[in-house]
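K.L.:
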Amino acid sequence: MDFTCELKAILTEREIKHEDFAKVVGVSPANLSALINNKSLPSFESAYRISEALEMDIKEIWISSKK
Numbered sequence: 001m002d003f004t005c006e007l008k009a010i011l012t013e014r015e016i017k018h019e020d021f022a023k024v025v026g027v028s029p030a031n032l033s034a035l036i037n038n039k040s041l042p043s044f045e046s047a048y049r050i051s052e053a054l055e056m057d058i059k060e061i062w063i064s065s066k067k
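For the sequence shown, full-length UniProt numbering assigns the number 1 to the initial residue and increments by one for each residue that follows.
Written out as structure tokens, the structure is:
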């Protein structure tokens with residue numbers, strides 16, 4: 001199943017710097033960049049921490065592109 005990550009738009013809208021957010025959720029800036037650019041998917045633990053930090057459902061951050 002393919003997913004599209006909406007983190008870039010969410011962080012931009014909320015004016016959150018990528019480096020600051022990476023520290024908050026406990027991932028490296030490089031790993032956060034890979035997630036934002038759809039180069040990788042997060043572990044469940046990382047996805048959970050990201051969704052908790054943003055107070056959003058995981059499904060709002062990673063959109064399924066199933067047809």
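Glycine included, C-beta positions come from ideal geometry on N, C-alpha and C.
Residue range of the beta strand (DSSP E) that A46 falls in?
P.N.:
Along the sequence shown, read from residue 1 onward, the residue named residue 46 stands at position 46. In the sequence as presented, Ala is not what sits at residue 46; that position holds Ser. Premise fails: S46 lies in the alpha helix (DSSP H), 44-54, not in any beta strand (DSSP E).
K.L.:
Which one of V27, N38, P42 has the shortest CA to CA distance from A9?
P.N.:
Here the question's residue 9 lines up with position 9 in the sequence shown. Residue N38 is the option with its Cα nearest to A9.
K.L.:
Kindly list the residues whose CB is nearer than 7 Å to the CB of residue 69, restricted to its own chain and excluding five residues on each side of it in sequence; keep chain order.
P.N.:
Since the displayed the chain opens at 1 and closes at 67, residue 69 lies outside it and no answer follows.
K.L.:
With DSSP collapsed to three states, give me the class of S40.
P.N.:
Here residue 40 refers to the residue found at position 40 of the sequence shown. S40 falls in the coil class under three-state DSSP.
K.L.:
On a CA-only basis, which of V27, S33, E15 is nearest R49? Give me that one, please.
P.N.:
Numbered from 1 along the sequence shown, position 49 holds the residue referred to as residue 49. Nearest of V27, S33, E15 to R49, Cα basis: V27.
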